[in-house]
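Student: Numbering (my numbering), first residue to last: 542 to 678.
Please read through the structure below; I'll follow up with questions.
Structure follows, in structure tokens:
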């Protein structure tokens, strides 16, 4: 003899499923802990300032890389010049030859920084909220 669930059990499960679905849907719409966007709008000046700060940091890192590249080149050149082991480039094609270092190329960092700042200025500002427009009028 098959076991039939009672009518009240089926209704109980239906109510629980319906309540869960409603809570899940309502949970996406209402969150009392989430700050309202009107309370702390991000101004375009703040965004541009943060972007400019990022550009400055990128320029500093670029300059550090240029200095390090030049320093490593100078160290390698000095090491090759001070090497007392004879090296014949005609018989040994893998013999390291000292090369002239190019120097720190800070111009590259300046160009990249200017391009970055241009991108910051070209970034569209967020649209102002209607409540903010009414407050300014």
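Positions of the beta carbon are idealized from the N, C-alpha and C atoms, including for glycine.
#1: Judging by CA-CA distance, which residue of 662, 640, 652 is the nearest neighbour of residue 603?
#2: Which class does residue 643 belong to by DSSP, given the choice of helix, strand or coil?
#3: In angstroms with no decimal places, state the Cα-to-Cα distance between residue 644 and residue 631.
#4: Do you know offhand how far residue 663's Cα is from residue 586's?
#5: Please report the Cβ distance between residue 642 and residue 615, rounded to the nearest whole angstrom; I am assuming they are in contact, meaning their Cβ atoms lie under 8 angstroms.
#6: Could you compute how far the alpha carbon of residue 627 sits from the alpha carbon of residue 609?
#7: Could you check the C-alpha separation between residue 600 and residue 557 for me, to the nearest Å?
#8: Shortest alpha-carbon distance to residue 607 belongs to which of 647, 661, 655, 597?
#9: Helix, strand or coil for residue 594? Go by DSSP, reduced to three states.
#10: If the criterion is Cβ atoms closer than 8 angstroms, does the pair residue 596 and residue 636 meet it?
#11: Quick one: measure Cβ to Cβ for residue 658 and residue 593, integer angstroms, because I've assumed they're closer than 8 angstroms.
#12: Distance, Cα to Cα, residue 640 vs residue 618?
#13: Going by C-alpha to C-alpha distance, which of 605, 656, 638 sits closest to residue 620?
Tutor: Inspection of the coordinates gives the following:
#1: As a position in the chain shown, residue 603 is number 62, starting the count at 1. Per the Cα distances, 652.
#2: In the chain shown, counting from the first residue as 1, residue 643 sits at position 102. Coil at residue 643, not helix or strand.
#3: Counting from one through the chain shown, the residue named residue 644 turns up at place 103. Counting from one through the chain shown, the residue named residue 631 turns up at place 90. When rounded, the distance between both Cα atoms is 29 angstroms.
#4: Taking the chain shown and counting its residues from 1, the one referred to as residue 663 is at position 122. Taking the chain shown and counting its residues from 1, the one referred to as residue 586 is at position 45. The alpha-carbon atoms of residue 663 and residue 586 are separated by roughly 13 angstroms.
#5: Counting from 1 along the chain shown, the entry for residue 642 is found at position 101. Counting from 1 along the chain shown, the entry for residue 615 is found at position 74. So it is a contact: roughly 6 angstroms between Cβ atoms.
#6: Taking the chain shown and counting its residues from 1, one reaches residue 627 at position 86. Taking the chain shown and counting its residues from 1, one reaches residue 609 at position 68. Their Cα atoms are separated by approximately 29 angstroms.
#7: Position 59 of the chain shown holds residue 600. Position 16 of the chain shown holds residue 557. Between residue 600 and residue 557, the C-alpha separation is close to 59 angstroms.
#8: Position 66 of the chain shown, counting from 1, holds the residue named residue 607. With distances taken between Cα atoms, residue 607 lies closest to 647.
#9: By 1-based counting over the chain shown, the position of residue 594 is 53. Note: residue 594 maps to helix in three-state DSSP.
#10: As a working note, residue 596 is residue 55 in the chain shown. As a working note, residue 636 is residue 95 in the chain shown. No; because the gap between Cβ atoms is not below 8 angstroms, this pair is not in contact.
#11: Sequence index remark: in the chain shown, residue 658 carries index 117 (1-based). Sequence index remark: in the chain shown, residue 593 carries index 52 (1-based). Indeed, because the Cβ distance is near 6 angstroms, the residues count as touching under 8 angstroms.
#12: Mapped onto the chain shown, residue 640 falls at position 99. Mapped onto the chain shown, residue 618 falls at position 77. Using only the alpha carbons, I get a separation of about 7 angstroms.
#13: Numbered from its first residue, the chain shown carries residue 620 at position 79. The option with the nearest alpha carbon to residue 620 is 638.
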